[in-house]
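Heads up: the sequence shown runs through residues 1 to 342, numbered per my numbering.
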Amino acid sequence: MAVAVNLGFPRIGANRELKRAVERYWAGELAVEELNEAAGSLRRRHWELQRDAGIDHIPSNDFSLYDHVLDTALMVGAVPERFGRIESNGLLATYFAMARGAAEAPAMEMTKWFDTNYHYIVPELEQGMKFRLTSNKPVEQFVEAGQLGIATRPVLLGPVSFLLLGKCKADNLNPLTLINGLLPVYEQVLAALAAEGAQWVQIDEPVLATDLDTDVIEAFAAVYQRLRKAAGALKICLTTYFGDLLDNLAPTLRLPVDAVHLDLVRAPGQLARALELAPATMSLSLGVIDGRNIWRADLEKALALVEQAVAKLGSERVMVGPSCSLLHCPIDLANETKLDAE
């Protein structure tokens, strides 16, 4: 039987509970403990909802108080120097200062997350910067779900995408020159997840659906050799979305990972080639439900893609899920009272 997976869940809450809690915290009306309690309540509700819906691979670390790219920047210690004094007040103060700014410390830039309406905080990169594990959020939220009896698949923004989505202070800096300093942090996180009993980890590399130079493709090969070694028995699902991998498909399927996720809503035509190229040890994760809008899926079309994959690979090597994280969707249409009848 094919495996039901989800890549990410909307974090805001069915009634925008997260937005209200964060804004009250900023206004000084909510203590940090109360903010954390509100966030934890949402995570628990979302994990339980997915478990009850029969999802086999439920994501964790997809939840964020502000932005998942900002979460990653904090995780790896990519905190611009101007926020150094704020850091002494705790990670949460630093986190929100990076997003919103503080006295004499302008906020980091925001830009569009690929071609969506979501905006992310742009990591700031400079020559010689030192990365270190600063936030253990991926492990903490995996353990948190486990304490509820829910085994999850932690989600990480991949190291190559993290660097390529950043902004270099110097025009002549190639962000990939920073990769060797960054990877030890990811290796630490993977080893810690494995030690806590995680079976799978989801590593998002959305830049694979963009035009990439040869040096980037070569970097992917070297990076994932290291991550594979660090992960040990922890299985890696490399996740791509927002488009067709085109020339990047073949090298992606050669990476030492256990599964590759493909966006088959935007690019259903890449499935046939992927089925021919996928190694016998690799599973394919099929993004057949649009993760970017609320419209009803064409289930016959989705089922045809799944059946095509199962016929070639067998059901045990096929995962079925949305094209991307459900971050972009409302949680419950019952709360959307102003939609057209159609």
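Even for Gly, the Cβ is constructed at its ideal location relative to N, Cα and C. The structure presented is a predicted model; accordingly, all values stated were derived computationally and were not measured.
_With a threshold of 7 Å on Cβ separation, who are the neighbours of Ser325 within its own chain once the five nearest residues in sequence on each side are excluded?_
Closer than 7 Å at the Cβ level, and outside the excluded window around Ser325, lie Leu7, Gly8, Asp62 and Gly291.
_Does Met282 come out as helix, strand or coil in the three-state DSSP assignment?_
coil
*Using DSSP with H/G/I as helix, E/B as strand and the rest coil, what is Lys235?*
strand
*Work out the CA separation of Gly243 and Leu343 for me, nearest whole Å.*
In this structure the chain extends from 1 to 342, so residue 343 is not present and cannot be described.
_Threshold first: 4 residues or longer. Then list the alpha helix (DSSP H) segments lying entirely within the region 41-127, N to C._
The qualifying runs are 68-75, 84-87 and 91-100.
*Kindly list the residues whose CB is nearer than 7 Å to the CB of Lys137, restricted to its own chain and excluding five residues on each side of it in sequence; keep chain order.*
Asn61, Asp71 and Met75
_Every unbroken beta strand (DSSP E) within the region 166-207, with a cutoff of 3 residues, ordered by chain_ = 200-204
*Leu262 in three-state terms, based on DSSP*: Under the three-state reduction of DSSP output, Leu262 falls in the strand class.
*Examine the Cβ distances between the region 144-159 and the region 96-110 and report whether three or more of them are shorter than 8 Å.*
No contact exists between the region 144-159 and the region 96-110.
*asked:* Can you give me the C-alpha to C-alpha distance between Val201 and Gly321, rounded to a whole angstrom?
replied: Using only the alpha carbons, I get a separation of about 15 Å.
*asked:* Assuming Leu249 and Ile236 are in contact, meaning their beta carbons sit under 8 Å apart, how far apart are those beta carbons, in whole angstroms?
replied: No, Leu249 and Ile236 are not in contact; Cβ-Cβ is about 17 Å, not under 8 Å.
*asked:* According to DSSP, simplified to helix, strand and coil, what is Leu30?
replied: coil
*Rank Ser64, Glu126 and Thr116 by C-alpha distance to the C-alpha of Val79 and give the top, closest one.*
Glu126
*asked:* Contact defined as beta carbons within less than 8 Å: I believe Pro154 pairs with Ala195. What is the distance between those atoms, to the nearest angstrom?
replied: Not a contact, Cβ separation roughly 13 Å.
_Between the region 217-233 and the region 253-260, can you find at least three pairs of beta-carbon atoms closer than 8 Å?_
yes
*Run the CB neighbour count on Trp295, radius 10 Å, all protein chains shown included, and call it buried at 16 or more, exposed below.*
exposed
_Start-to-end residues for the alpha helix (DSSP H) that takes in Gly363_ = Limits of the chain in this structure are 1 at one end and 342 at the other, which puts residue 363 out of reach.
*Identify whether Ile217 lies in helix, strand or coil by the three-state DSSP scheme.*
helix
*asked:* Let's see if you can read the secondary structure: which residues bound the beta strand (DSSP E) around Pro154?
replied: Segment Thr152 to Leu157, the beta strand (DSSP E) holding Pro154.
*In chain order, what residues of the same chain lie with their CB nearer than 6 Å to the CB of Glu187, ignoring the 5 residues before and after it?*
Ala230
*Thr240 classed as buried or exposed, judged by whether at least 16 other C-beta atoms fall within 10 angstroms*: buried
*Less than 8 Å separating the beta-carbons of Gln318 and Leu271?*
Correcting the residue identity first, residue 318 is Val in this sequence and not Gln. No.
*Integer-rounded CB distance, given that Leu286 should sit under 8 Å from Leu303*: The C-beta distance from Leu303 to Leu286 rounds to 11 Å, too long to fall under 8 Å, and the pair is not in contact.
*asked:* What does the alpha-carbon distance come out to for the pair Gly167 and Pro175?
replied: This sequence places Lys at residue 167; Gly is not what is there. Spanning the two alpha carbons is a distance of roughly 8 Å.
_Beta-carbon gap between Ala73 and Phe83 smaller than 8 Å_ = no
_Please list the terminal residues of the continuous alpha helix (DSSP H) segment that includes Phe9._
No alpha helix (DSSP H) contains Phe9, which DSSP labels as neither H nor E.
*Exposed or buried, Glu144, counting other C-beta atoms within 10 Å across all chains shown (16 or more means buried)?*
buried
_Segment limits, alpha helix (DSSP H) that includes Pro349_ = For the chain, the structure presents residues 1 to 342; residue 349 sits outside this window and is missing.
*Which two residues bound the contiguous alpha helix (DSSP H) that contains Val257?*
Looking at the DSSP string, Val257 is not in any alpha helix (DSSP H), and its letter there is neither H nor E.
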